[in-house]
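> The sequence shown begins at 1 in the working numbering and counts up by one.
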Amino acid sequence: MQERYYTPDEVMKLLGISKATLNRRAEDGTIPSELEPGKKRGRKYPKEAINAHVKLQKRKDQPKLTFGPTTNSELWASYQNHFNLYEPEDIVTYDRLLEWKDANKDIFMSARENGKRVGGVTIMPLAEDVIKSLIDDKIKKQDIEPWSIRKWSDKDLAAYIPSISIHHTGDKRKDKDRGLFIIRNALRWALSLDKHYDIKKWYAIAATPEGKKLVEHLGFKKLKGKRDAYVLTDLKSATRPIQAFINQMEQEEDPLVPSLKNKRIK
């Protein structure tokens, strides 16, 4: 019998509830139990049923991650977080980020955990000569003028991916889960943009070791220039490798998002 049933104390511990709550929920049937007809004592709690409720509760307790357009408050949080991830030359001031958003509001996306920003992605349709100036180190990201940012509805676009970032927590498991979520959604967003708009080329400049590894795994080709720049000319053909890469990432010990500057391997 003991193998099939939990004691009331065990149920209270598993579900994190008080004795009064247990009694009330057992009485109204919220928590499954067995009681012989005509008796008021000796209520039993079947393990199979209680375990199912514990499993459901754990699912509900898991952080809810969402992905959507960035608010101005989240843009400010992103700007502050970049000081922990990137070198000064790769940090764009908040006022310039606002100018970019005013030029095209659909270039910033944020990942959120229970409504709070935990990371984000930026993808910009840019004039190609501006991207080449970035590659040759003639200008920095901060120097990208709002007028050079195009609309997604324009023809013959070149897309530039300036950043994929995460707010680190210090919890390796949590940071990995967030990192996987951000990269998966960044790739889904890129594939959606590629499907709906006339994007001829995809560019990225690897500002971190993780960024370099990420674009190389996705099939981007190295370009000549003063920066670690890469290009991909057919994102559609990379769909299968992208899915294989996502599956591979789940086995990686660390997510391919920028680590904190003081923890990078030099």
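Where is the CB? At the ideal position from N, CA and C, for every residue including glycine.
Taking the alpha-carbon of G29 as reference, which of A190, V121, K13, H53 has the nearest alpha-carbon?
H53
> Using the Cα positions of K138 and P162, report the straight-line distance between them to the nearest angstrom.
16 Å
> How far does the alpha helix (DSSP H) with I139 in it extend, from its first residue to its last?
Element bounds for I139: n/a, residue is neither H nor E.
> Which residue spans inside the stretch 136-222 form an unbroken beta strand (DSSP E) run of at least 3?
Fully enclosed beta strand (DSSP E) runs of 3 or longer: 157-166, 199-205.
> Check the DSSP bridge columns for E36 and list the partner residues they point to.
DSSP lists no partner for E36.
> Going by other Cβ atoms of all chains shown within 10 Å of its Cβ, with 16 needed for buried, is S73 buried or exposed?
Exposed, because fewer than 16 other Cβ atoms sit within 10 Å of the Cβ of S73.
> Which whole-angstrom value is the C-beta distance of I131 and Y160, which I expect to be below 8 Å?
5 Å
> With the cut-off set at 8 Å, would you say E99 and P146 are in Cβ contact?
Yes, the pair counts as a contact, with Cβ atoms nearer than the cut-off.
> Indicate whether A111 and R178 have their beta-carbon atoms separated by less than 8 Å.
yes
> Per the DSSP calculation, P125 is bridged to which residue(s)?
A159
> For a test of the three-state rule: what should DSSP assign to S78, helix, strand or coil?
helix
> Within a Cβ cutoff of 7 Å, which residues of the same chain sit near L157, ignoring the five residues on either side of it in sequence?
P125, R150, Y197, D198, I199, K200
> Is it right to say Y203 is buried, meaning 16 or more other beta carbons lie within 10 angstroms of its own, or is it exposed?
Flag for Y203 reads buried.
> Can you check whether the CB of R4 is closer than 8 Å to the CB of K47?
Remark: C-beta atoms of K47 and R4 approach each other more closely than 8 Å.
> Could you give the residue range of the alpha helix (DSSP H) that holds L14?
8-15
> To the nearest whole angstrom, what separates the beta carbons of T122 and I107, a pair I think is in contact under 8 Å?
6 Å
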